Amino acid sequence: MKIKRDQQSKFWVLSSDTRVLYKGRRSPWDDPTIIRQALDRERETRGPSAAGARSADSKQHTSGA
2 MKIKRDQQSK FWVLSSDTRV LYKGRRSPWD DPTIIRQALD RERETRGPSA
52 AGARSADSKQ HTSGA
């Protein structure tokens, strides 16, 4: 995820690949809910199969100890 500030329009832009997850005047650094919501949007756009694969991988790594 990339966080940039457009100096001309004074908007903050959070993007992932080619998708804009947040664009607004409020700084994501000042409000952690903006980043949390952007991460939720990113998970929604990638689909449930990607989230399921990640949770399955994390279960395998934690049970090996």
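Plus 1 on top of the position in the sequence shown (first one is 1) and you've got my numbering. From the three backbone atoms N, C-alpha and C, an ideal C-beta is built for every residue, glycine too. Values in this document were obtained by computation on a predicted structure and should not be read as measured data.
| query | result |
| --- | --- |
| Bridge partner(s) assigned by DSSP for Trp13 | Arg6, Gly25 |
| Anticipated Cβ contact below 8 Å, Arg20 with Trp13, distance rounded | The Cβ separation is near 15 Å, so there is no contact. |
| Asp41 to Lys11 span [Cα, whole Å] | 24 Å |
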